[in-house]
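Please read the structure below before turning to the comments.
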Amino acid sequence: MKANPDEDRQFVKQAANSCLTTVRMTELSQVMFCADQNTNQHLFTILFPPQTALYCIPTHGSLQRKSAASTSCPGMPAPQQQKRGESMSHSWMRWIRIGAVGLGMVLAACGGGGGGDENSGSGGPITIPDEEATPTPPPVVTPGAALSVDCSGEHCGAEAPDRYAGKGVGLWRYDNVGMTTINVPVSISGLAGKSVTLLYSNQTASPVLLPNLPLLAQRHATAPIGSGLSDAMADAGRQTVPPRLREFDPARYLGQPSRAMPMASQQAGPVRGSSVGNSRAWYVLNANDELVSRTATLQRQLTAPDGRIINFWVQQGELAHDRLSSAMLDRFARQFADGSQSIYARVTGLIGQPWGVHAYPSLLSPDQELDIVLANFTPDRNPHIGWVGYFWALNNFRQQSGDPLLRYSNQSLSFYIDTEAIYLMPENGVEFQLSTLAHELTHMINHYQRGIVLSSDMDHSFDTFLEETTAMMTEDIVGTTIDPEFHSIRDLRFRNWLRNGDFNCSYPVWKDGSSPSCFSYNIAGSFGAYLLRQHGIDFYRSLLRDTTYANSIALLDHAIRQAGGPGYVEALRRWGVSGIGLLPSAASPTGFGLPARSEGGFTLPALDGADYASIIQWPTYPANLTGYGHFPMRRLPTGDGMYQEILPVPNHTSLTVIVH
Numbered sequence: 001m002k003a004n005p006d007e008d009r010q011f012v013k014q015a016a017n018s019c020l021t022t023v024r025m026t027e028l029s030q031v032m033f034c035a036d037q038n039t040n041q042h043l044f045t046i047l048f049p050p051q052t053a054l055y056c057i058p059t060h061g062s063l064q065r066k067s068a069a070s071t072s073c074p075g076m077p078a079p080q081q082q083k084r085g086e087s088m089s090h091s092w093m094r095w096i097r098i099g100a101v102g103l104g105m106v107l108a109a110c111g112g113g114g115g116g117d118e119n120s121g122s123g124g125p126i127t128i129p130d131e132e133a134t135p136t137p138p139p140v141v142t143p144g145a146a147l148s149v150d151c152s153g154e155h156c157g158a159e160a161p162d163r164y165a166g167k168g169v170g171l172w173r174y175d176n177v178g179m180t181t182i183n184v185p186v187s188i189s190g191l192a193g194k195s196v197t198l199l200y201s202n203q204t205a206s207p208v209l210l211p212n213l214p215l216l217a218q219r220h221a222t223a224p225i226g227s228g229l230s231d232a233m234a235d236a237g238r239q240t241v242p243p244r245l246r247e248f249d250p251a252r253y254l255g256q257p258s259r260a261m262p263m264a265s266q267q268a269g270p271v272r273g274s275s276v277g278n279s280r281a282w283y284v285l286n287a288n289d290e291l292v293s294r295t296a297t298l299q300r301q302l303t304a305p306d307g308r309i310i311n312f313w314v315q316q317g318e319l320a321h322d323r324l325s326s327a328m329l330d331r332f333a334r335q336f337a338d339g340s341q342s343i344y345a346r347v348t349g350l351i352g353q354p355w356g357v358h359a360y361p362s363l364l365s366p367d368q369e370l371d372i373v374l375a376n377f378t379p380d381r382n383p384h385i386g387w388v389g390y391f392w393a394l395n396n397f398r399q400q401s402g403d404p405l406l407r408y409s410n411q412s413l414s415f416y417i418d419t420e421a422i423y424l425m426p427e428n429g430v431e432f433q434l435s436t437l438a439h440e441l442t443h444m445i446n447h448y449q450r451g452i453v454l455s456s457d458m459d460h461s462f463d464t465f466l467e468e469t470t471a472m473m474t475e476d477i478v479g480t481t482i483d484p485e486f487h488s489i490r491d492l493r494f495r496n497w498l499r500n501g502d503f504n505c506s507y508p509v510w511k512d513g514s515s516p517s518c519f520s521y522n523i524a525g526s527f528g529a530y531l532l533r534q535h536g537i538d539f540y541r542s543l544l545r546d547t548t549y550a551n552s553i554a555l556l557d558h559a560i561r562q563a564g565g566p567g568y569v570e571a572l573r574r575w576g577v578s579g580i581g582l583l584p585s586a587a588s589p590t591g592f593g594l595p596a597r598s599e600g601g602f603t604l605p606a607l608d609g610a611d612y613a614s615i616i617q618w619p620t621y622p623a624n625l626t627g628y629g630h631f632p633m634r635r636l637p638t639g640d641g642m643y644q645e646i647l648p649v650p651n652h653t654s655l656t657v658i659v660h
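Structure follows, in structure tokens:
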């Protein structure tokens, strides 16, 4: 039988356009497996060799190269020409002659690969070039470019720049600090039975052009971990902050501190006092960025260990057995405010008071009760609208009837919790919103401690990315005391960062739930989790009071270095290696991994890579590597445990090779 390239190419086009595809690297080549869309039964295999060649393509068994003189495949029955449109259930497929076809092209045509495990997937039509492609020559190695070992200690599995020890975590790296792409030769032995992850990490805030490299089959997230959180819970975590709140600048409204009224004399009583059963109207910011009025009744009133009165207001009509039940409200009040182990006591003991003395006549007096307003933000019977709770510094100001915003101040040290997100959530609604209370309390404390107390000479408020990171670090720290089964960082933020594959994202560039990708709450919560487990709770407390720099990136870099760390940029890379590389929590080299940590009476749970292996989303190939972004790729070594490739590394980019 003589191969006809044009005929074969057209046949492949028609056949591949209706198949589910997965691409896998083999020792010799790149292979596309096709399966029936309805039954998922394997139909045929297409080989994309690194150079033009004839191969036998059986539907079962191993690939066999045809000898030049042979007219049939070894061990196969005599060929019978398969016609287009015939069933593909034959024990062999026709000979296919195609030119070198890049694996990246296959994946691009598939829309990034499919779901399931590494050998199954779904994708769109496959494009076969009309003309036989000319083989692309391999890149030329840049003189002097070489990997170096990137780990040390008992858990480091990198014996040498070219050898894996067979156990432990192997880490190698190359940093391109120049202005042009460097071609780095990679040759590592001892990898039998292992997989390899390549991670490109942008070391600057500017995007760089990624080299075009082949990808293995990508896969979609397949299963939850931990408490088995639903998509509704994941959606609830996609906080979408209304513009009014995000754009409000408290420093603009503070004015000058009063010199005629010293701070000590500000110890006046509260603006008002309330009793259980009292009702009042509250301005509530809904998901549509509208300030709406909600009438709420004071249902519970507790006194915290520091003497502050804490009030729980519930919107009229929301306290009911089929809505926010009395039992739910009792749990909220008890866990937030009752005793030394309450959320309020533990958070304020850790990072300071939410309100106190100051010298600004425009603000509420220091001795304020704390109000928690539980209201139905947007009554649509939707528990996952993405707007579940907030603190707004606007309410710390006295009302000004002539100001378009301050006229809506509730004149209250308060934060606001959506009730539907509690009682309509399929699971963990109470726990999720208790964690939200810890989060919003952190914003309240940061506003007072950094925005007022520490800002007498200049504004030391954090930028949004660092403000939100610190609030989620609080959630992380107190999470196990809220509920031993549900932990918002382990089960929501870190999980969904991996599940969504939001790796090629810039940590400082804040994107909330309105963005289809790069959801910053998950990214910041995951990076904060890495920093806490590597540098501890004392690092976190020091960060909250650090005023060395006004720039939040410079400030974070300083805090990491003061804690003995490598600085901001290197911490980002190590976080990417630890999380995307799915490193073990208890057996990773120094500086890597997210191990359990106990400190100061708090316990941070381990975030172990193996727990997330079934849900990680390997991303499709981007054109650019965004500032401070990561992009991972997978590789399989040859049968004898060798991995070899020449890898282009763009300017100002770090390449990390990960094996474990």
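Taken in order, the sequence shown gives residues 1 to 660; the numbers are from the UniProt record's numbering.
For every residue, glycine included, the Cβ atom is placed at its ideal position computed from N, Cα and C.
When the options are compared against residue i, the one with the closest alpha-carbon
i      : options                        : result
Ser417 : Thr626, Val284, Thr656, Ala554 : As written in the sequence, residue 417 is Ile, which differs from the Ser given in the question. That would be Val284, whose Cα lies nearest to the Cα of Ile417.
Ser654 : Gln411, Asn202, Leu216, Glu599 : Asn202
Gln399 : Tyr408, Trp392, Phe391, Thr180 : Tyr408
Ser293 : Thr303, Val276, Ala375, Arg244 : Ala375
Met179 : Tyr200, Val208, Arg173, Lys194 : Val208
Phe602 : Tyr628, Pro484, Pro619         : Pro484
Met444 : Phe631, Trp355, His652         : Trp355
Asn212 : Asn624, His652, Asp611         : Asn624
Asp281 : Glu290, Asp289, Thr297         : Here residue 281 is Ala; the residue named in the question, Asp, does not match the sequence. When each option's Cα is compared against that of Ala281, the closest is Thr297.
Thr481 : Arg252, Ser614, Val347         : Val347
Arg597 : Ile537, Gln449, Phe332, Ala613 : Ile537
Ser365 : Pro250, Ala554, Asn396, Gln433 : Asn396
Asp640 : Gly157, Ile188, Gly168, Trp313 : Ile188
Beta carbon of residue i nearer than 7 Å to that of residue j
i           : j      : result
Asp371      : Ser414 : yes
Glu468      : Ala524 : yes
Pro161      : Ser148 : yes
Thr142      : Asn183 : yes
Arg323      : Tyr423 : yes
Asn496      : Phe631 : no
Met633      : Leu215 : yes
Gly170      : Val659 : yes
Ser506      : Tyr628 : yes
Gly190      : Arg163 : yes
Ser578      : Ala606 : no
residue 662 : Ser526 : Residue 662 cannot be examined here, being either before or after the span of the chain that is shown, 1 to 660.
Thr378      : Ala287 : yes
Ala337      : Ile309 : no
Tyr360      : Leu492 : no
Residue i, buried or exposed, once every other Cβ within 10 Å from all chains shown has been counted against 16
i      : result
Thr547 : exposed
Ala320 : exposed
Ser520 : buried
Gln368 : buried
Ser461 : buried
Ala393 : buried
Ser275 : exposed
Phe44  : Confidence at Phe44 is low in this model, with a pLDDT of 45, below 50, so its placement is unreliable and no value can be given for it.
Val196 : buried
Arg334 : exposed
Met637 : This sequence places Pro at residue 637; Met is not what is there. Buried, by the Cβ-count rule.
Met458 : exposed
Asn551 : exposed
Gln341 : exposed
Pro508 : buried
Residue i versus residue j - alpha carbon distance
i      : j      : result
Thr590 : Pro404 : 53 Å
Met472 : Leu199 : 26 Å
Leu532 : Leu604 : 8 Å
Leu647 : Tyr540 : 38 Å
Gly429 : Gly273 : 31 Å
Ala587 : Asp611 : 14 Å
Gly166 : Asp608 : 20 Å
Arg94  : Pro185 : Only weak support exists for where Arg94 lies, its pLDDT of 35 falling under 50; the value from the coordinates is given anyway. Answer to the nearest angstrom: the Cα atoms are 37 Å apart.
Val453 : Pro595 : 35 Å
Trp172 : Gly565 : 19 Å
Leu498 : Trp575 : 12 Å
Thr620 : Tyr174 : 23 Å
Leu544 : Glu645 : 45 Å
Near the ligand ATP: residue i beta-carbon under 6 Å from a heavy atom
i      : result
Gln203 : By its list of ligands, the structure shown contains no ligand whatsoever, and the ligand ATP lies outside what it can speak to.
Exercise. Fully enclosed by the stretch 552-614, which alpha helix (DSSP H) runs are 4 residues long or longer?
Worked result: If one requires a minimum length of 4 residues, the alpha helix (DSSP H) runs lying completely within the stretch 552-614 are 552-562, 568-580, in chain order.
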